[in-house]
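Same order as they appear, the protein sequences are chains E and D.
According to the working numbering, the residues represented by the first sequence are -5 to 108, in order.
According to the working numbering, the residues represented by the second sequence are 16 to 128, in order.
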Amino acid sequence: DAGITQSPRYKITETGRQVTLMCHQTWSHSYMFWYRQDLGHGLRLIYYSAAADITDKGEVPDGYVVSRSKTENFPLTLESATRSQTSVYFCASRDGLAGIYEQYFGPGTRLTVT
Amino acid sequence: ILNVEQSPQSLHVQEGDSTNFTCSFPSSNFYALHWYRWETAKSPEALFVMTLNGDEKKKGRISATLNTKEGYSYLYIKGSQPEDSATYLCAFISNFGNEKLTFGTGTRLTIIP
């Protein structure tokens, strides 16, 4: 199906474990983004990518790693999960410049770190 | 860190009434402003992309205006319906780092039938 998908939708992991959240889009959008949703903070940008093999930090990148070897995929890895990383994570994509194009969001991944 | 504020934080409106709320953003280095609608248990969906001072956009009963010189945008909903219940987010894009959106914390709108 066309669109933007995230997997898993729900994940429970233990402190210190590595976990990877997957994001896949079928539109060949150039830009992809990872946000986390926290009470009182709204959506905060973790990392983004302007194209394959081009990534850059957002507002809250510490403890996260991203890669983008293919245009359609943008995985987010928590190298050593901490309780403060318990959150809902949204992936988004956009076709080009923010002055013209809107962003499309995935359904979200709810991550709990115990 | 860019300061994007939305007010009020939450709002209860009687069905059929009209309402509006505000997004405030830095008036310098403006590049674009987005509005998104976010229903509970779903993901945000775009309403408007706005770039020009004085811009007015409309989609059905929802409209938005933009004042880049004073740094605010209004979102209006005319004749509220229960399906309008959602959180409405604005996102500011600066000339510096114009690839990234900085979101406000949203206005949570509840329509009372």
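Beta carbons are placed, not taken as given, at the ideal position from N, Cα and C, and that holds for glycine.
DSSP state of residue i, grouped into three classes?
| i | result |
| --- | --- |
| S43(E) | strand |
| R104(E) | strand |
| E8(E) | coil |
| R77(E) | helix |
| D99(D) | helix |
| S63(E) | coil |
| Q21(D) | strand |
| Q97(E) | coil |
| A47(D) | strand |
| R3(E) | coil |
| N110(D) | coil |
| E85(D) | coil |
| D50(E) | strand |
| H27(D) | strand |
Is it buried or exposed for residue i, if we count other Cβ within 10 angstroms and need 16 for buried?
| i | result |
| --- | --- |
| E5(D) | Nothing in the structure corresponds to residue 5(D), since chain D is present only between 16 and 128. |
| K64(E) | exposed |
| H49(D) | buried |
| G34(E) | exposed |
| F99(E) | buried |
| K57(D) | exposed |
| P2(E) | exposed |
| T102(D) | buried |
| D56(E) | exposed |
| Y4(E) | exposed |
| F111(D) | exposed |
| P59(D) | buried |
Figure out for me which residue from the options has the closest Cα to the Cα of residue i.
| i | options | result |
| --- | --- | --- |
| E85(D) | T37(D), H27(D) and P23(D) | T37(D) |
| I126(D) | I92(D), F45(D), R52(D) and Q96(D) | Q96(D) |
| S43(D) | N68(D), A79(D), K57(D) and D32(D) | N68(D) |
| R62(E) | Y42(E), G(-3)(E) and R77(E) | Y42(E) |
| K115(D) | T106(E), T14(E) and K51(E) | K51(E) |
| Y46(D) | A92(E), T106(E) and H18(E) | A92(E) |
| A46(E) | T(-1)(E), V107(E), E96(E) and V60(E) | V60(E) |
| T7(E) | F68(E), G57(E) and T76(E) | T76(E) |
| F118(D) | G90(E), E53(E), I94(E) and D89(E) | E53(E) |
| G75(D) | M65(D), T55(D), G112(D) and D99(D) | D99(D) |
| E20(D) | N113(D), P128(D) and Y89(D) | Y89(D) |
| S109(D) | Y51(D), P59(D), S78(D) and M65(D) | M65(D) |
Given 6 Å as the limit, tell me if residue i has its C-beta closer than that to any heavy atom belonging to the ligand NAD.
| i | result |
| --- | --- |
| K115(D) | This structure does not include the ligand NAD; it has no bound ligands of any sort. |
So, residue i versus residue j, is the Cβ gap smaller than 7 Å?
| i | j | result |
| --- | --- | --- |
| Q31(E) | L39(E) | no |
| F63(D) | F107(D) | no |
| N35(D) | Y87(D) | no |
| Q79(E) | L70(E) | no |
| S74(E) | G10(E) | yes |
| E71(D) | T80(D) | yes |
| L15(E) | T106(E) | no |
| W53(D) | L17(D) | no |
| Q19(E) | E96(E) | no |
| P101(E) | Q0(E) | yes |
| A44(E) | Y25(E) | yes |
| K93(D) | S33(D) | yes |
Is there a Cβ from chain A that is less than 7 Å from the Cβ of residue i?
| i | result |
| --- | --- |
| K115(D) | The question asks about chain A, but that chain is absent: this structure's protein chains are E and D. |
* To do: Tell me, please, whether the region 20 to 28 of chain D touches the region 113 to 124 of chain D by the rule of three or more beta-carbon pairs shorter than 8 Å.
  => yes
* Does the pairing of the region 83 to 101 of chain E with the region 17 to 30 of chain E give three or more beta-carbon distances under 8 Å? -> yes
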